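Under our numbering, think of the first position of the sequence shown as 2, with each following residue one higher. Backbone N, C-alpha and C fix where the C-beta goes; we use that ideal spot for every residue, glycine too. Remember, it's a predicted structure, so these values are computed and weren't measured experimentally. Step one of this worksheet: look at the structure below.
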Amino acid sequence: MLRMNDNKRIEEIKMKIEEIKEKKNEVVKLQRYEQAANLRDREKKLVEELEKLLPVNE
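Structure follows, in structure tokens:
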């Protein structure tokens, strides 16, 4: 069972992931590939954190 703080953190992470995806798409269009790679890495870390917080469906 998730705690209230976990639910809040999950929503924060989801919002941040979406922000990063949008920014990553913008910088790719501008051919700023190193910046896009950094954003991809940040996105990956957030996804991993999110997966730790979400309950596992068996």
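Judged by beta-carbon spacing, residue 25 lies within the 9 Å limit of residue 44, meaning their Cβ atoms are closer than that value. Buried is the label assigned to residue 40, since at least 16 other Cβ atoms lie within 10 Å of its Cβ.
According to the DSSP assignment, residue 51 belongs to the alpha helix (DSSP H) that extends over 34-54. Taking residue 47 as the centre and dropping the five residues before and after it, the same chain places the C-beta of 14, 17, 18 and 21 closer than 8 Å to its C-beta, in chain order.
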